[in-house]
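Only one structure is covered here, and it is reproduced in the block below.
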Amino acid sequence: MRARSIRKRQELSRSRALQHVLYRSAKQDPQRRFHALYQHVYRRDILDRAWQEVRTNRGAPGVDGVTIGHIEAFGVNEFLDELAADLKAQAYRAAPLRRVEIPKPGRSGESRPLSIPCVRDRVVMVAAKIVLEPLFEAGFAETSFGFRPRRSAHDACEAIRVAANKGYDWVLDADVRDCFGQIDRDAVMLQVERRVSDRAMLKLLRAWLRAGVLQDGVTTDTMSGTPQGSPISPFAVQRRAARAR
Numbered sequence: 643m644r645a646r647s648i649r650k651r652q653e654l655s656r657s658r659a660l661q662h663v664l665y666r667s668a669k670q671d672p673q674r675r676f677h678a679l680y681q682h683v684y685r686r687d688i689l690d691r692a693w694q695e696v697r698t699n700r701g702a703p704g705v706d707g708v709t710i711g712h713i714e715a716f717g718v719n720e721f722l723d724e725l726a727a728d729l730k731a732q733a734y735r736a737a738p739l740r741r742v743e744i745p746k747p748g749r750s751g752e753s754r755p756l757s758i759p760c761v762r763d764r765v766v767m768v769a770a771k772i773v774l775e776p777l778f779e780a781g782f783a784e785t786s787f788g789f790r791p792r793r794s795a796h797d798a799c800e801a802i803r804v805a806a807n808k809g810y811d812w813v814l815d816a817d818v819r820d821c822f823g824q825i826d827r828d829a830v831m832l833q834v835e836r837r838v839s840d841r842a843m844l845k846l847l848r849a850w851l852r853a854g855v856l857q858d859g860v861t862t863d864t865m866s867g868t869p870q871g872s873p874i875s876p877f878a879v880q881r882r883a884a885r886a887r
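With our numbering applied, the sequence shown covers 643 to 887.
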């Protein structure tokens, strides 16, 4: 069934109808690799939805200093039209991320790096996430909760409660040290490529991983990891974690 038919039958928006079709296709064929995905990233309905999500989350400006307010003053439609044109022409280029150190909650004197993309990059990242997420959601186990839509830590706790009531009595509490900072990018991309064959989409993801960070006026290329603070980073960690299971 095509997205248009699903949209009419279920009264979904165009972007959600696309996600429904992608999810169902991925669910039906776990080995299928998808092409022609990049063209959806610069669709105006996808970019509009991505903009609304970025706007709702607010957040600090990136290396260009441009804020949500600046874009609203300039004109959101003009901003999105220009972004769509750059993406369609494959002229879009990711900017370095602005690196700041933020205190770790409950750990006096300790901090973790936060890498802040430009608002422009955040919108494209969310647009790509809208398109890609259904492909991988189709393969996750029901017991997986991290960074997934409409799932929370409360849901995970409820799953533990249900398991405990069934007689399970062991809980493993573990943490991957510096997971975001040390994750193998090549391994991440290999997992993405298990589902995605669209070269333009893969190039876009690699560009974000290789964008580098700007701190104290110096831009540094990062050789590993995915930067904390970008909308696409949890997506990358999901892909690696899913394979690790």
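By construction, the Cβ of each residue, glycine as well, lies at the ideal position given by its N, Cα and C atoms.
Fair warning: this is a prediction, and the values are worked out from it, not measured in the lab.
Original post:
Looking only at C-alpha atoms, which of Gly711, Pro738, Ser872 and Val768 sits nearest to Asp687?
Top reply: Val768
Subject >> Residue from Lys669, Ser655 and His677 with nearest C-alpha to Met843 >> reply: His677
Subject >> DSSP beta-bridge partners of Glu752 >> reply: Answer by DSSP bridge pairing: none, since Glu752 is not bridged.
**OP:** Return the chain-ordered ranges of every beta strand (DSSP E) run that is complete within the stretch 844–868 and spans a minimum of 3 residues.
**Re:** 855–857 and 860–862
**OP:** Per DSSP, which residues does Ile825 bridge with? Please list them.
**Re:** None; Ile825 has no bridge partner.
**OP:** Pull up the CB-CB distance for Ser657 and Ile772, whole angstroms please, since I reckon it's below 8 Å.
**Re:** 6 Å
**OP:** Give me the Cα-Cα distance between Pro759 and Glu784, rounded to the nearest whole angstrom.
**Re:** 32 Å
Subject >> Alpha-carbon to alpha-carbon, Glu835 and Arg675 >> reply: 8 Å
Original post:
Can you give the beta carbon distance from Gln870 to Phe822, rounded, assuming they're within the 8 Å contact cut?
Top reply: 5 Å
**OP:** Please go through the stretch 677–740 and give each complete alpha helix (DSSP H) segment of 4 or more residues, from N-terminal end onward.
**Re:** 680–683, 686–699, 710–716 and 718–730
**OP:** Can you tell me the Cβ-Cβ gap for Leu739 and Ser866, rounded? I've got them flagged as a contact below 8 Å.
**Re:** With 8 Å as the limit, Leu739 and Ser866 do not qualify as a contact, their Cβ atoms being about 15 Å apart.
Original post:
Mind checking whether Tyr684 and Lys746 have CB atoms under 7 Å apart?
Top reply: no
Original post:
Whose CA, out of Pro672, Gln681 and Asp797, lies closest to the CA of Gln833?
Top reply: Pro672
Original post:
Val718 and Trp693 look like a contact to me (Cβ under 8 Å); what is the Cβ gap, rounded to whole Å?
Top reply: 6 Å
**OP:** Within 10 angstroms of the Cβ of Asp863, are there 16 or more other Cβ atoms? Answer buried if so, exposed if not.
**Re:** exposed
**OP:** Report the residue from Arg848, Ser839 and Ser655 whose alpha carbon sits nearest the alpha carbon of Val888.
**Re:** What the structure shows of the chain is the stretch from 643 to 887, and residue 888 is not part of that stretch, so it cannot be assessed.
**OP:** Have a look at Ala780, Val742, Glu743 and Ala816 and flag the residue whose alpha-carbon is nearest the alpha-carbon of Arg837.
**Re:** Ala780
Original post:
What residues match up with Pro745 in a beta bridge as DSSP calls it?
Top reply: Ser753
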